[in-house]
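These protein sequence lines are chains W, A, H and R, in that order.
Per UniProt numbering, the very first residue in the first sequence carries number 1; after that it's consecutive.
Per UniProt numbering, the very first residue in the second sequence carries number 1; after that it's consecutive.
Per UniProt numbering, the very first residue in the third sequence carries number 1; after that it's consecutive.
Per UniProt numbering, the very first residue in the fourth sequence carries number 1; after that it's consecutive.
Just so you know, even glycine gets a beta-carbon here, dropped at the ideal spot from N, CA and C.
Only one structure is covered here, and it is reproduced in the block below.
There are 4 protein chains.
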Amino acid sequence: MPRLKEEQLQIIYEERKQQIKLAAVKIFARHGLPGTKISMITSEAGVSHGLFYHYFKTKDELFISLVREAVETSIQEIGNLSQLAASPIEKIRILTQSMLDESGVPYFMLLHRARNFEEVPDLVSRLIQNYPIEIYIERLLPIFEEGQQRGEVADGNLTEMIANYLTVISGVMVLGNGYPTPRIDWLMRFVEKK
Amino acid sequence: MPRLKEEQLQIIYEERKQQIKLAAVKIFARHGLPGTKISMITSEAGVSHGLFYHYFKTKDELFISLVREAVETSIQEIGNLSQLAASPIEKIRILTQSMLDESGVPYFMLLHRARNFEEVPDLVSRLIQNYPIEIYIERLLPIFEEGQQRGEVADGNLTEMIANYLTVISGVMVLGNGYPTPRIDWLMRFVEKK
Amino acid sequence: MPRLKEEQLQIIYEERKQQIKLAAVKIFARHGLPGTKISMITSEAGVSHGLFYHYFKTKDELFISLVREAVETSIQEIGNLSQLAASPIEKIRILTQSMLDESGVPYFMLLHRARNFEEVPDLVSRLIQNYPIEIYIERLLPIFEEGQQRGEVADGNLTEMIANYLTVISGVMVLGNGYPTPRIDWLMRFVEKK
Amino acid sequence: MPRLKEEQLQIIYEERKQQIKLAAVKIFARHGLPGTKISMITSEAGVSHGLFYHYFKTKDELFISLVREAVETSIQEIGNLSQLAASPIEKIRILTQSMLDESGVPYFMLLHRARNFEEVPDLVSRLIQNYPIEIYIERLLPIFEEGQQRGEVADGNLTEMIANYLTVISGVMVLGNGYPTPRIDWLMRFVEKK
DNA sequence: CATGAATGAGCGTTCATTCAT
DNA sequence: TATGAATGAACGCTCATTCAT
């Protein structure tokens with residue numbers, strides 16, 4: 001059954017690739033592009049450095065594709081919210097949670113670096129410029145609007161509120177593990193109608 | 001008068017050193033420690049790369065001393081606030097302004113990197129751990145307390161309020177030039193009694 | 001009949017081996033030993049790169065054995081000429097033709113590299129030194145002598161004539177596809193009695 | 001006198017560059033582009049491998065510029081012949097000598113590799129294609145014509161004669177140090193009117 | 001003090017070779 | 001036999017650092 005074997009190989013291939021990618025996001029988030037050595041990624045992933053190049057062309061190329069994925073995933077996640085059978089305020093809470101949960105933070109940090117520092121390849125800068133904060137605000141607007149109509153979301157200018165909300169979330173992430181806060185609930189106070 | 005000449009040399013020496021330091025903070029802030037090449041600093045400062053080593057022992061040593069200065073300056077600035085002949089709310093506004101003004105941002109970014117990323121020498125990590133956010137909160141507490149007593153600062157738990165205030169400032173800096181906000185005034189709303 | 005199956009395997013084995021060898025000569029001739037990657041050979045041969053090592057121990061070993069074969073074949077071909085039922089001048093023409101024909105050129109190029117460039121393993125250099133040009137001259141001498149006696153080959157010192165003949169053939173090959181010449185006939189003019 | 005010092009530095013710079021270039025041609029000629037390691041060049045030149053990159057951007061770039069120089073020099077040398085106060089046959093002898101003399105051989109080998117092997121960067125292939133053998137023939141034609149008119153050069157079709165002459169010279173170089181010939185005089189026999 | 005030539009440690013990447021399947 | 005995943009030695013190149021001028 002060569003058919004089955006081929007498929008199996010394909011699966012293993014994708015698993016390995018994912019394993020290296022996961023290691024890479026973690027390291028890139030912590031050390032940045034120039035601070036990340038291939039050996040850090042491969043030893044985190046538990047493979048030899050040579051294997052990296054079976055799965056990825058260059059360090060830059062991997063970084064770029066990770067940023068691209070992070071951008072696209074973040075946009076998509078907002079899109080997915082709309083599909084959810086939940087009240088607007090619940091959706092906002094879910095979003096907040098997903099941004100702050102452990103697996104999401106490295107991706108956020110990657111985007112943070114890509115957005116604010118000039119340590120990245122040109123392609124990344126251009127990529128990021130296609131997705132300014134405004135796009136996120138715009139996509140979130142309908143959810144917040146519905147929330148306001150239902151009386152779940154606080155009154156006031158929504159564009160500004162969303163901007164503030166995003167700013168504050170960023171602040172929380174950036175201050176990082178520095179000090180403990182009742183994260184989610186505290187953040188929701190910027191949004192919820194008391 | 002060799003005396004005078006020596007003094008003059010001393011002055012030139014200090015000016016040059018400062019000039020290189022200023023260039024360095026700017027570049028370190030943008031590119032991080034591993035992303036910063038000595039040649040970037042020296043060309044920003046307009047000197048030859050060899051000259052760097054007349055003023056500083058190594059790249060790491062300069063980075064460390066810059067972080068140390070940034071930490072100490074930031075603590076000192078809070079200390080200086082107390083000396084000011086101004087009302088508490090004015091002091092807070094002045095602090096806010098100084099954190100966000102153009103010359104301050106690179107130092108903030110340096111601290112941000114030192115605090116959140118592991119791309120720095122061990123010595124820096126240890127240095128930073130000696131100055132956790134709590135210290136800033138603690139130092140600001142008297143000013144906020146006086147403000148509350150005078151009715152200038154909003155009611156509520158002050159420790160929490162200061163933490164939030166710092167979080168939000170960080171968020172603003174991190175979101176960076178991404179989108180326009182009425183910075184200072186907007187930030188003061190988290191603090192002022194309306 | 002396991003006997004038969006084994007034989008068949010043997011045949012397949014030899015065919016595969018030959019197929020890889022043919023690809024290898026071609027690539028070695030064009031790219032030299034260090035310029036030839038195993039993957040070039042295997043993709044030219046249409047097999048996986050892993051398979052290479054079923055048939056050959058190392059890249060060097062294959063290169064060496066190919067050079068050895070080329071040397072031995074070239075010597076043998078001259079030997080075979082004697083057996084041929086043809087006039088001396090015909091024999092020389094056949095030899096010329098075989099050196100310049102498409103399948104022969106890569107082998108010639110291999111020898112050219114082995115003889116003139118130091119990009120080869122020591123063993124190859126030593127191998128080649130055992131077969132200096134003089135040996136070729138010496139082996140061709142009887143044919144040319146008979147030709148001269150029969151009045152087919154031009155008059156003059158034969159050792160020199162053969163050396164010139166080989167030199168010119170080499171020149172033609174080296175100038176390569178650069179410009180068109182009536183190859184065979186033009187070359188024969190260095191030899192034939194007009 | 002900073003003026004003088006700068007000039008001196010410039011001179012030293014050019015000398016070092018030349019020193020590395022000379023080492024490089026020699027090694028490239030012997031080992032080809034992929035067979036040449038930077039360390040071979042630098043140890044031949046007696047400098048550290050790091051220094052190479054003060055003077056040249058990459059190995060390929062150096063190779064390309066050397067081939068370009070070889071091509072241009074070879075064309076120029078033919079041009080210079082015309083300026084010489086010498087009889088046509090003397091000019092041809094001088095040309096022959098310069099092609100075969102020790103310092104010229106490595107450049108010839110470089111061109112040989114660039115012209116005949118596909119182990120070179122694309123730019124080199126294109127460069128070489130701009131200077132096919134025909135150009136050399138064309139440039140030599142006037143000299144040979146004058147020689148024929150003066151009765152110094154043998155009768156016959158000149159284009160063909162020059163082509164043969166170049167072919168034979170190439171053959172001599174390619175057969176290399178394999179066997180001894182009365183080089184110059186023997187080669188001139190293809191050209192001189194006896 | 002100022003310059004840039006020189007060195008070498010270190011990292012990115014390639015590729016010959018091995019090996020499990 | 002045949003494949004391609006896996007390893008690590010080796011090489012191209014960068015850049016921090018030193019040093020002669």
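Separation of A:ARG93 from A:MET188, as counted between CA atoms: 7 Å
Measuring straight from C-alpha to C-alpha, what distance separates R:GLU192 and R:ILE169? 15 Å
Below 8 Å between beta carbons: does that hold for W:MET40 and W:ILE27? yes
Residue span of the alpha helix (DSSP H) that contains H:THR96, given as start and end: 88-100
Among all the DSSP beta bridges, which residues are the ones paired with H:VAL153? H:GLU192
Report yes if the C-beta distance between W:ASP60 and W:PRO106 is below 8 Å; otherwise report no. no
Would a C-beta distance cut-off of 8 Å place R:HIS49 and R:ILE38 closer than the cut-off? yes
So, is the C-beta of R:PHE28 closer than 8 Å to a C-beta in chain H? no
Any Cβ of chain W within less than 8 Å of the Cβ of A:THR167? yes
A:PHE80: contacting residues in chain W (beta-carbon distance under 8 Å): The amino acid occupying residue 80 of chain A in the given sequence is Asn; Phe does not appear at that position. Result: empty, since nearest Cβ-Cβ is about 23 Å, beyond 8 Å.
Straight-line Cα distance separating R:LEU81 from H:LEU66: 44 Å
Under 8 Å Cβ to Cβ from R:GLU152, same chain only, skipping five residues before and after it: list those, please. SER87, PRO88, ILE89, GLU192, LYS193
Tell me whether H:GLU160 is buried or exposed, calling it buried when 16 or more other Cβ atoms sit within 10 Å of its Cβ. exposed
Taking the beta carbon of W:ARG126 as the centre, do at least 16 other beta carbons fall within 10 Å, making it buried, or is it exposed? exposed
Counting only C-beta atoms, is H:PRO121 closer than 8 Å to chain R at any point? no
Closest Cβ-Cβ distance between W:ILE184 and chain A: below 8 Å? no
What's the gap between the Cα of A:ILE12 and the Cα of R:GLY79? 58 Å
Around the C-beta of W:GLY32, are 16 or more other C-beta atoms found within 10 angstroms, so that it is buried, or is it exposed? buried
Boundaries of the alpha helix (DSSP H) in which H:SER48 is found, first to last residue: Element bounds for H:SER48: n/a, residue is neither H nor E.
Closer than 8 Å at the beta carbon, the chain W residues around A:VAL172: THR167, GLY171
Looking at the secondary structure, which residues open and close the alpha helix (DSSP H) in which H:THR36 lies? From DSSP, H:THR36 is part of no alpha helix (DSSP H); its letter is neither H nor E.
Locate the alpha helix (DSSP H) running through H:ALA114, then write down its first and last residues. 105-116
With a cut-off of 8 Å, does the C-beta of H:PHE117 fall near any C-beta of chain R? yes
Considering only the beta carbon of each residue, do R:THR36 and H:GLY171 sit closer than 8 Å? no
Chain-ordered chain H contacts of R:HIS54 [CB-CB under 7 Å]: Going along chain H, no residue has its Cβ under 7 Å from R:HIS54, so there is no contact; the nearest lies around 26 Å.
Beta carbon proximity, A:HIS112 to chain W, threshold 8 Å: yes
Quick one: does W:PRO2 have its CB under 8 Å from some CB of chain A? With a pLDDT of 47 at W:PRO2, under the threshold of 50, the modelled position of this residue cannot be trusted; read the value that follows with caution. No, no contact with chain A.
For a test of the three-state rule: what should DSSP assign to W:THR73, helix, strand or coil? helix
Whole-number beta carbon distance between H:TYR55 and H:ARG16, since they are thought to touch under 8 Å: 7 Å
Spell out whether any CB of chain W is found under 8 Å from the CB atom of A:GLY151. no
Please confirm whether A:PHE144 and A:ASN164 have their CB atoms less than 8 Å apart. no
Exposed or buried, which one is W:ARG113 when buried takes at least 16 other CB atoms within 10 Å? buried
Would the beta-carbon of R:LEU84 be found less than 7 Å away from any heavy atom of the ligand COA? No copy of the ligand COA occurs in the structure displayed, which carries no ligand at all.
Can you tell which of A:LEU140, A:GLY147, A:GLN148 has its C-alpha closest to the C-alpha of A:SER74? A:LEU140
Residues of chain R with a CB under 8 Å from the CB of H:PRO34: which are they? HIS31, GLY32, PRO34, GLY35
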